[in-house]
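Student:
There are 2 protein chains.
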Amino acid sequence: MSEPTSNIKWHAATITRELRQQQNQHRSAILWFTGLSGAGKSTLAHAVEQELFLSGCRSFVLDGDNVRHGLCADLGFSDADRRENIRRISELAKLMLEAGLITLTAFISPFSAERQMARNLVAPADFIEIYCRCDLSTCEQRDVKGLYQKARRGEIAHFTGISSPYQPPEQAELIVDTGRDSLEECVQQVLHLLRQRGIIQGSNNAC
Amino acid sequence: MSEPTSNIKWHAATITRELRQQQNQHRSAILWFTGLSGAGKSTLAHAVEQELFLSGCRSFVLDGDNVRHGLCADLGFSDADRRENIRRISELAKLMLEAGLITLTAFISPFSAERQMARNLVAPADFIEIYCRCDLSTCEQRDVKGLYQKARRGEIAHFTGISSPYQPPEQAELIVDTGRDSLEECVQQVLHLLRQRGIIQGSNNAC
């Protein structure tokens, strides 16, 4: 930090995360959604965000749509690139955590080691892993983007669930059955956890 | 999941930048501070942020301290790495812009082409380039981090102003004379511009 001793007025001012949290009237946190393609991670994250917003919270969703074409546009899907992709997303989420936002990340993030790396970047209370559990067959039946069909035809290499493994979380803070329960039920489960953990307050007004 | 019985509810909800701006009661924007090492970019950005915070605005400062050791920890100072550094910072700032934050970036960003790249990522009204103008001799005299001394001794390669060029902005939205004016004066000039451009409101209460 540049701090010229010659000018006492040129000192560093710092707005801390704590101050931002006070301003926002809620804690910041990282909600790390993981699960197969088609399990509903991004949909759930956006639906949770909508509820948070309506309650006056500050949040942001990071998903393939806004990260893969921008910050990570230079990365492919090799193991190394996938690792780097998750690393950047983790660092990005950490900055947004500092900025006072409830940061929701919605990426397959199939490997335990990478999710652990993301978790290790922040304090234990700041990282909430949410496993969107949904049978491969259900995801494949939905096949919203037609990706499973392509993967089965061999047109996509290293496709999670087909030609690349998914390692289910063993210590997720929350498991939501996105293949069984309605979106609304899943949203309520996430909000309940956020209240339990003191990230948001109240039962009617989330923040 | 008994397929899309509840599928109609599994649609994407989206909280837009416009909604966030309404919630925050100010526009979001990128304030891109550029200038020599020691010109006071980071100090000024943090001081502006303090004023914004006290007025109830949402903002965040990106600088070497929180980016170089994290998101860009894998990058060095070669031309290619510097370009990639600025590219990532630009993408990061763009996401924070979407998140409704007044995003202040404080990096030397010596090359016009890279600043132009950052500018091109967003709409013209969203990018405010602020040139922190300060003589090399003043920066070198301050030498807060002892970097100029090291650079003069040849211990740092490609050091801007010594062994690598700095290309001053030709169309900066604002020039602040950080080598001449007090921090408070510079802060007021930035806030004045933000009010002029309708990013923040009022004259007493910034937001």
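Chain order of the listed sequences is U and Y.
Sequential numbering of the first sequence, starting at 1, is according to my numbering.
Sequential numbering of the second sequence, starting at 1001, is according to my numbering.
Even glycine gets a Cβ: it sits at the ideal position worked out from N, Cα and C.
#1: From L1191/Y to A1123/Y, what distance separates their C-alpha atoms?
#2: Under a CB-based cut-off of 8 Å, is I15/U close to chain Y?
#3: Under the rule that 16 or more other beta-carbon atoms within 10 Å means buried, what is T16/U, buried or exposed?
#4: Across which residues does DSSP place T160/U in a beta bridge pair?
#5: If we count the other Cβ atoms within 10 Å of its Cβ and call it buried at 16 or more, is K1041/Y buried or exposed?
#6: Using 8 Å as the Cβ pair cut-off and three pairs as the minimum, do the stretch 1067 to 1086 of chain Y and the stretch 1026 to 1046 of chain Y touch?
#7: Note down, in chain order, all residues in the stretch 1056 to 1072 of chain Y with a beta-carbon under 7 Å from any beta-carbon belonging to chain U.
#8: Alpha carbon to alpha carbon, how far is T1138/Y from A1151/Y? Give it in angstroms, no decimals.
#9: Please report the residue range of the alpha helix (DSSP H) in which E1129/Y lies.
#10: To the nearest angstrom, how far is it from the Cα of E1184/Y to the Cα of R20/U?
#11: Within the 8 Å Cβ cut-off, does L92/U reach chain Y?
#12: When DSSP labels each residue in this structure, what does V1122/Y get in the three-state scheme?
#13: In terms of DSSP beta bridges, what is S1059/Y paired with?
#14: In terms of alpha-carbon separation, which member of M96/U, A118/U, R180/U and A172/U lies closest to R83/U?
#15: Identify, in the order they occur along the chain, each residue of the same chain with its Cβ nearer than 8 Å to the Cβ of S1037/Y, setting aside the five sequence neighbours on each side.
#16: State yes or no: is the beta carbon of H1026/Y nearer than 8 Å to at least one beta carbon in chain C?
#17: What does DSSP give as the partner residues of L174/U in its beta bridges?
Tutor: For this structure:
#1: On the second sequence, position 191 is the one that residue 1191/Y refers to. On the second sequence, position 123 is the one that residue 1123/Y refers to. Rounded to the nearest whole angstrom, the CA to CA distance from L1191/Y to A1123/Y is 20 Å.
#2: Sequence index remark: in the first sequence, residue 15/U carries index 15 (1-based). At a cut-off of 8 Å, the C-beta of I15/U has a neighbouring C-beta in chain Y.
#3: One-based indexing of the first sequence puts residue 16/U at position 16. Per the 10 Å Cβ criterion, exposed.
#4: Translated into the one-based positions of the first sequence, residue 160/U becomes position 160. Note: T160/U sits in a beta bridge opposite S164/U.
#5: Position 41 of the second sequence holds residue 1041/Y. It counts as buried.
#6: No contact exists between the stretch 1067 to 1086 of chain Y and the stretch 1026 to 1046 of chain Y.
#7: Cβ contacts with chain U: R1058, F1060, D1065, N1066, G1070 and L1071.
#8: Your numbering for residue 1151/Y matches position 151 in the second sequence. Your numbering for residue 1138/Y matches position 138 in the second sequence. Approximately 15 Å between the Cα atoms of the pair.
#9: For the purposes of this step, residue 1129/Y is taken as the residue at position 129 of the second sequence. Taken as a continuous stretch (DSSP letters only), E1129/Y belongs to no alpha helix (DSSP H), being part of the beta strand (DSSP E) at F1127 to R1133.
#10: Here residue 1184/Y refers to the residue found at position 184 when the second sequence is read from its first residue. Here residue 20/U refers to the residue found at position 20 when the first sequence is read from its first residue. Those two C-alpha atoms are separated by around 23 Å.
#11: Residue 92/U sits at position 92 when you count from the first residue of the first sequence. At a cut-off of 8 Å between beta-carbon atoms, L92/U makes contact with chain Y.
#12: Here residue 1122/Y refers to the residue found at position 122 of the second sequence. Coil.
#13: In the second sequence, the residue the question calls residue 1059/Y occupies position 59. DSSP, once it has assigned bridges, lists I1102/Y as partnering S1059/Y.
#14: Along the first sequence, read from residue 1 onward, the residue named residue 83/U stands at position 83. Closest in C-alpha terms to R83/U, from the list M96/U, A118/U, R180/U and A172/U, comes A118/U.
#15: Within the second sequence, the letter at position 37 stands for residue 1037/Y. The answer, listed in chain order, is I1108, C1139, K1145, L1147, Y1148, F1159, T1160 and G1161.
#16: Of the protein chains in this structure, namely U and Y, none is chain C.
#17: Here residue 174/U corresponds to residue number 174 of the first sequence, with the count starting at 1. The partner list for L174/U (beta bridge, DSSP) reads I130/U.
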